[in-house]
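Asker: I'd like to ask you about the structure that follows.
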Amino acid sequence: MDFIRAMVTKDVADGLNGGRVHTRFPPEPNGYLHIGHAKAICIDFGTAEQFGGRCNLRMDDTNPSKEEVEYVDSIQEDVKWLGFNWFADVRYASDYFDACYAYAEALILAGRAFVCDLTPEQMRSHRGTLTEPGQESPFRTRSIAENLDLFRRMRAGEFPDGARVLRAKIDMTSPNIHLRDPVIYRNLRSSHHRTGDTWCLYPMYDYAHPIEDAMEGITHSLCTLEFEIHRPLYDWVLDQLPEFFVEWQRKTSGLPAGTPYARPRQTEFARLNLTYTIMSKRKLLELVKRNLVTGWNDPRMPTLSGMRRRGYTPAAIRTFCDKIGVTKYNSLTDVALLEHCLRDDLNRVALRYMAVLDPLKVVIENYPEGQVEEMDAVNNPEDAAAGSRKVPFTRELYVERADFMEDPPKKFFRLAPGREVRLRWGYLITCTGVEKDAAGQVTALRCTYDPATRGGNTPDGRKVQGTLHWVSASHGLDAEVRLYDRLFKVEQPGAVDGLDLAAELNPESLTVITAKIEPALAAVSPATPLQFERVGYFRADPATQPGRPVFNRTVTLRDSWAKAGAKKG
RNA sequence: UGCCCGGUGGUGUAAUGGUAGCACAACUGGUUUUGGUCCAGUUUGUCUUGGUUCGAAUCCAGGCCGGGCAGCCA
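Per the numbering used here: the first sequence = residues 597 to 1165.
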């Protein structure tokens, strides 16, 4: 059990908050959710779920200059896609702007906040350094009446942005810089996606967040490690005039009448880092803005929308989040674990089809011209309920170019002159000849088939080492296939300050090819996980159209043959 | 050289004073109409130095190493 579940278990056992567990997932709508958020979502919603509690989805929208409704919408879609349900309606920090403002006036009245006229530069110099204490602002001693008047005029829009701020009066000598009279309100002329131009000043995160949590009756406020040092300020806000929150929580939490007041408590865990992946929203936005990818939902992006389009399943992501655990240790998780969880789920659910990515023609000389046989093919060997389908077999077929070698090494179990292989669900064939063009490039294979081996069976019990996938030349269809590989070629992209992200991109992160697919593949929906046998897992792209199919490669199959080859080479 | 938080195989994570376990990765072998899946196995670890204790990954102290913090961002 991880330390958060241990803590909550104890809290429940101690009867804290009447045994109630209420968490929240509070993204800022300034970008799309990514796999790192999935971890937080699984912790926030998962903890509530496990203890029979609730979890709110709350947009932390206190900085309108960065936030957009497009993001608000995508966040909800992604959380739903992962399979989580939030309590009641989506919440917004902006729902509580009135309360934040009222509490600020109360703090002023209590002598615990003051309006400061220092410029940002002056404030920085007064703040001190990591090793030296700060200096008190000359405005710190303003009278309560003057502070109240000035703050109200800030709200009325009498001062330009940056002229004045409201600061908490705490301790300029604190070793924790966040306690050195932090700014809690600033003027910001920016139209808000929900409140429009009602406000020209907005609360800061450190001030607003504990209020938001208290307003919603949150018991456990779980967040990432970088907020650990902010916790004393979180506590300070809640503890100044605690009586204010009791009534507010009753009115805004949406909880049943009589629910006792809960004072939220913040606990921090380490965020997810993944090899070959960037998790910073700022850098992901940069990729989008510079057109280094096609958008937030580019299948190479670690965003949930990109992964969804690529063919990731919610189950795979949730299993992954479960396996990585929850600690305070700053770790770097191998992306191979994510891919393992993906393959594990896909192996169970993906429907098998045959598609030839790099076609090489095969002519079966003793197979009647014009004959078509409908072969039975199993849709999913891991799931009998998935049934079977028909695949047309004809005299001319395509096989994978890499499945033939003219002069193969001993352990090559595929096609070569004189060698026999099985065509999956088809027949056993033996290569009898090779056709080449003037340049010596192989253009076609001549083969013979054994009519006694229909379906790929060997009635005489003989062993065949290789089984190849294939597509009928006359029935196969062309399809665009997008072969995705990792977006970055370095294990820790973005780790070097000042280095251009573009320099770390994998130039082979996308290869577009035209493949030959079996006819049944023309009709599959983007909702269906697919396996192209012996090749990998694929997903129809949402942009796929009748007559113009497009497939995205989700992930390759494990390939111990390729691995053996790579080792020698 | 201030404050806060961390250090368990290559990676991630269990063990909360009592046999260092699991997963991924890697490597062997077996099965197989996907060189997939599955099965069996192998390799590899408690940062360090003291202390407490019958017994320490766990508790205490020092050291070393890593991360975070000086936005009117979240």
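Quick reminder that beta carbons are idealized off the backbone N, C-alpha and C, glycines included.
With DSSP as the reference, label TRP1066 as helix, strand or coil.
Answerer: For the purposes of this step, residue 1066 is taken as residue 470 along the first sequence, with counting starting at 1. Three-state result, TRP1066: strand.
Asker: Do three or more CB pairs link the region 794-813 to the region 643-658 at distances below 8 Å?
Answerer: yes
Asker: Just the Cα atoms here: how many angstroms apart are THR1044 and LYS957?
Answerer: For the purposes of this step, residue 1044 is taken as the residue at position 448 of the first sequence. For the purposes of this step, residue 957 is taken as the residue at position 361 of the first sequence. Those two C-alpha atoms are separated by around 14 Å.
Asker: For ILE842, which three-state DSSP category applies?
Answerer: As a position in the first sequence, residue 842 is number 246, starting the count at 1. Per the sequence shown, residue 842 should be read as Val rather than Ile. Note: VAL842 maps to helix in three-state DSSP.
Asker: Would DSSP call LYS662 helix, strand or coil?
Answerer: Numbered from 1 along the first sequence, position 66 holds the residue referred to as residue 662. DSSP places LYS662 in coil when its eight states are reduced to three.
Asker: To the nearest angstrom, how far is it from the Cα of ARG846 to the Cα of ARG1144?
Answerer: Translated into positions along the first sequence, residue 846 becomes position 250. Translated into positions along the first sequence, residue 1144 becomes position 548. Whole-angstrom Cα-Cα distance: 56 Å.
Asker: Since GLY907 is in the alpha helix (DSSP H), which residue starts that stretch and which ends it?
Answerer: To locate residue 907, count along the first sequence from 1; it is residue 311. Element bounds for GLY907: n/a, residue is neither H nor E.
Asker: Does the distance from the C-beta atom of LEU829 to that of HIS789 stay below 8 Å?
Answerer: Taking the first residue of the first sequence as 1, we reach residue 829 at position 233. Taking the first residue of the first sequence as 1, we reach residue 789 at position 193. Cβ atoms of LEU829 and HIS789: not closer than 8 Å.
Asker: Which of the three DSSP states is assigned to GLN967 in this structure?
Answerer: The count along the first sequence starts at 1 and reaches residue 967 at position 371. Of the three classes helix, strand and coil, the one that applies to GLN967 here is coil, per DSSP.
Asker: Sorted by chain position, which residues of the same chain lie with C-beta nearer than 8 Å to VAL665's C-beta, five sequence neighbours on each side aside?
Answerer: As a first step, residue 665 must be located in the first sequence, where it is residue number 69. These residues qualify, in order along the chain: PRO625 and HIS789.
Asker: GLY1036: which of PHE755, ARG867, GLU1002 and PRO1125 sits nearest, CA to CA?
Answerer: Start at 1 with the first residue of the first sequence, and residue 1036 comes out as number 440. Residue GLU1002 is the option with its Cα nearest to GLY1036.
Asker: Going by CA-CA distance only, name the one from ARG785, ARG720, GLY966 and LYS879 that's closest to HIS630.
Answerer: Along the first sequence, read from residue 1 onward, the residue named residue 630 stands at position 34. That would be LYS879, whose Cα lies nearest to the Cα of HIS630.
Asker: Is the region 903-910 touching the region 852-864 in the sense that three or more CB pairs, one from each, lie closer than 8 Å?
Answerer: no
Asker: Just to confirm my understanding: we take GLY1172, look at its own chain, exclude 5 residues before and 5 after, and list those with CB closer than 7 Å. What are they?
Answerer: Past the boundaries of the shown model lies residue 1172; the chain is included only from 597 to 1165, so the question cannot be answered.
Asker: Is the separation between the beta-carbon of ASP691 and that of ARG760 shorter than 8 Å?
Answerer: Looking up residue 691 in the first sequence gives position 95. Looking up residue 760 in the first sequence gives position 164. Cβ distance not < 8 Å, so ASP691 and ARG760 don't count as in contact.
Asker: Apart from the five residues on each side of it in sequence, which residues of its chain come closer than 8 Å, Cβ to Cβ, to GLY921?
Answerer: Translated into positions along the first sequence, residue 921 becomes position 325. The answer, listed in chain order, is ASP598.
Asker: List the endpoints of the continuous alpha helix (DSSP H) containing ALA932.
Answerer: Position 336 of the first sequence, counting from 1, holds the residue named residue 932. Unbroken alpha helix (DSSP H) run through ALA932: 931-945.
Asker: Is THR619 closer than 8 Å to HIS826 when the C-beta atoms are compared?
Answerer: Here residue 826 corresponds to residue number 230 of the first sequence, with the count starting at 1. Here residue 619 corresponds to residue number 23 of the first sequence, with the count starting at 1. At the C-beta level, HIS826 and THR619 stay beyond 8 Å of one another.
Asker: Taking the Cβ atom as the reference point for each residue, do THR708 and ALA634 lie within a distance shorter than 8 Å?
Answerer: As a first step, residue 708 must be located in the first sequence, where it is residue number 112. As a first step, residue 634 must be located in the first sequence, where it is residue number 38. Looking at the sequence shown, residue 708 is not Thr but Arg. Against a cut-off of 8 Å, the Cβ pair of ALA634 and ARG708 comes out as no contact.
Asker: Using C-beta distances below 8 Å, list every residue in its chain close to LEU1041, excluding the 5 sequence neighbours before and after it, in chain order.
Answerer: Here the question's residue 1041 lines up with position 445 in the first sequence. So the list reads LEU956, LYS957, VAL958, VAL959, VAL995, PHE1000, LEU1011, CYS1027, GLY1029, VAL1030 and GLU1031, once near-sequence residues are dropped.
Asker: Give the DSSP-derived three-state secondary structure of ALA998 in the structure shown.
Answerer: Position 402 of the first sequence holds residue 998. Helix, per DSSP.
Asker: Answer yes or no: do ALA695 and ILE780 have a C-beta to C-beta separation smaller than 8 Å?
Answerer: In the first sequence, the residue the question calls residue 695 occupies position 99. In the first sequence, the residue the question calls residue 780 occupies position 184. Against a cut-off of 8 Å, the Cβ pair of ILE780 and ALA695 comes out as no contact.
Asker: Can you pull the DSSP bridge partners for GLU1076?
Answerer: What you label residue 1076 is simply residue 480 of the first sequence in a count that begins at 1. According to DSSP, GLU1076 bridges with THR1110 and VAL1146.
Asker: If I follow the unbroken alpha helix (DSSP H) through ILE704, where does it start and stop?
Answerer: Numbered from 1 along the first sequence, position 108 holds the residue referred to as residue 704. Boundaries of the alpha helix (DSSP H) around ILE704: 693-705.
Asker: Out of curiosity, what's the CA-to-CA distance linking LEU678 and SER1105?
Answerer: Mapped onto the first sequence, residue 678 falls at position 82. Mapped onto the first sequence, residue 1105 falls at position 509. About 26 Å.
Asker: Rank ARG1018, VAL608, THR658 and PRO895 by C-alpha distance to the C-alpha of THR791 and give the top, closest one.
Answerer: Counted from its first residue, the first sequence places residue 791 at position 195. In terms of Cα proximity to THR791, the closest of ARG1018, VAL608, THR658 and PRO895 is THR658.
Asker: What's the call for VAL1151, buried or exposed, on a 16-neighbour Cβ count within 10 Å?
Answerer: Here residue 1151 refers to the residue found at position 555 of the first sequence. Answer is buried; the Cβ neighbour count reaches 16.
Asker: Please state whether DSSP places LEU744 in a helix, a strand or coil.
Answerer: Counted from its first residue, the first sequence places residue 744 at position 148. Residue state, collapsed to three classes: helix.
Asker: Taking GLY632 as part of the alpha helix (DSSP H), name the residues at either end of that continuous run.
Answerer: What you label residue 632 is simply residue 36 of the first sequence in a count that begins at 1. Here the alpha helix (DSSP H) through GLY632 covers 631-646.
Asker: On the DSSP letters alone, give me the boundaries of the alpha helix (DSSP H) that VAL608 sits inside.
Answerer: Position 12 of the first sequence, counted from the start, is the residue given in the question as residue 608. VAL608 -> alpha helix (DSSP H) spans 599-609.
Asker: Would you kindly report the start and end of the unbroken alpha helix (DSSP H) that includes SER984?
Answerer: As a position in the first sequence, residue 984 is number 388, starting the count at 1. Counting along the chain, SER984 falls outside any alpha helix (DSSP H), though it belongs to the beta strand (DSSP E) covering 984-989.
Asker: Count the C-beta pairs between the region 856-869 and the region 1062-1077 that are closer than 8 Å, then say yes if the count reaches three, no if not.
Answerer: no
Asker: In this structure, does DSSP put CYS917 in helix, strand or coil?
Answerer: Position 321 of the first sequence holds residue 917. Looking at CYS917 - three-state DSSP - the assignment turns out to be helix.
Asker: Just how far apart, CA to CA, sit ILE874 and GLY1090?
Answerer: The residue labelled residue 874 in the question sits at position 278 within the first sequence. The residue labelled residue 1090 in the question sits at position 494 within the first sequence. The straight-line gap from Cα to Cα measures roughly 7 Å.
Asker: At the level of alpha carbons, what is the spacing between ARG1015 and PHE1008?
Answerer: Here the question's residue 1015 lines up with position 419 in the first sequence. Here the question's residue 1008 lines up with position 412 in the first sequence. Approximately 10 Å between the Cα atoms of the pair.
Asker: DSSP has TYR801 in a bridge; who is on the other side?
Answerer: Your numbering for residue 801 matches position 205 in the first sequence. In DSSP, TYR801 forms no bridge with anything.
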